[in-house]
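Taken in order, the sequence shown gives residues 20 to 244; the numbers are from the numbering used here. For every residue, glycine included, the Cβ atom is placed at its ideal position computed from N, Cα and C. Below is one structure, written out as C-alpha cells; the observations come after it.
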Amino acid sequence: MSFRIDPRLPLTGEVRRILADEIGRAISHLETAREKPEQGLHKCRKRLKSVRALLRLVRSGDELFCQTENECYKQVSALLAGPREATALIETVDRLADAFPEQSAGGGLEPVRERLVLRQHELHAGPGLDAAVNAAIAACREGLERIDRLGLPDQPEQAADILADGARATLRRAKKALDKAEARGEDEDFHNLRKAAKTHSMHLSLLGRLWPTPIKARRKAVDRL
Numbered sequence: 020m021s022f023r024i025d026p027r028l029p030l031t032g033e034v035r036r037i038l039a040d041e042i043g044r045a046i047s048h049l050e051t052a053r054e055k056p057e058q059g060l061h062k063c064r065k066r067l068k069s070v071r072a073l074l075r076l077v078r079s080g081d082e083l084f085c086q087t088e089n090e091c092y093k094q095v096s097a098l099l100a101g102p103r104e105a106t107a108l109i110e111t112v113d114r115l116a117d118a119f120p121e122q123s124a125g126g127g128l129e130p131v132r133e134r135l136v137l138r139q140h141e142l143h144a145g146p147g148l149d150a151a152v153n154a155a156i157a158a159c160r161e162g163l164e165r166i167d168r169l170g171l172p173d174q175p176e177q178a179a180d181i182l183a184d185g186a187r188a189t190l191r192r193a194k195k196a197l198d199k200a201e202a203r204g205e206d207e208d209f210h211n212l213r214k215a216a217k218t219h220s221m222h223l224s225l226l227g228r229l230w231p232t233p234i235k236a237r238r239k240a241v242d243r244l
C-alpha cells in the first residue's frame, strides 16, 4: 500500500490505513529478525520511524492518541536499539574503510571490526534478542488494535490545516537544530538536525499527492541534504 495520503479520501481513514500497513510491515520484519536479525531489525526500525513521523504530522488533530502512540513506538524502537546498533557499528567501520582506503590499507581497523562482530554475535545469539522481539511484536499488535481510536477532522479545510501544522512543527525543529549546529557544532546538534530532516522527508512522501509539483522539488533538496 502507498505511504501517501490521498486528499480525495477522509483523513482519518487514510491515516488509519497507513498506520496499519506500516505497523503490519514492522511485525513482519520482526518475525524475519528471529533468523536474520541484521536485516529484520533495521527494516523494522525504519517502519517504526515512518509510524512516528505520521503521528507527528497529524498530532494537532488528536493530541492524546498521537502522543500516546508515539511514545509507545519510541519504546518499541528502544527495545531493539542495542542489537541494531551492534550491526550499525560494523557498517560504520566498513564505510570508513571504503572512504579512506589508503589510511586503512594496513588493516588498522580489522581488530576493531573483529571485536564488533563478536559483540554482534553475542547480542544476536543470546536470549535477550528473542525476548526483545517478542515484546516488540506484542506491543505492535496491541497498537494495531488501538488504531480505530484515532479520530481526525475529515473536512478538507480542517484536514489541510492539521497536515500543515504538523509539517511546520517539524520544520521549526529542523531550524532550531540547524541554528544550534551552526552555533555550537556539537554531535547532538547534527544528530537532531539529521532526525528532523528525515522526518521532514517522510512528511513530504506522505503529502506527495496534495501538492505534487512543489513537493517533488523539495524532495530533491532534502535527499541531497
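- Between the C-alpha atoms of arginine 64 and isoleucine 46 there is a straight-line separation of about 10 Å.
- Judged by DSSP in its simplified three-state form, glycine 80 adopts helix.
- Going by beta carbons, alanine 196 and alanine 215 fall inside the 8 Å limit.
- Judged by DSSP in its simplified three-state form, leucine 135 adopts helix.
- In this chain, lysine 55 is not harboured by any alpha helix (DSSP H), its DSSP state being neither H nor E.
- Here the alpha carbon of proline 26 sits roughly 24 Å from the alpha carbon of alanine 240.
- Residue environment: threonine 111 is assigned as exposed (fewer than 16 neighbouring CB atoms within 10 Å of its CB, all protein chains considered).
- Annotation for arginine 237: the continuous alpha helix (DSSP H) segment containing it runs 231-243.
- Sorting Pro172, Ser21, Arg75, Ala154 by C-alpha distance to the C-alpha of arginine 191 places Arg75 at the top.
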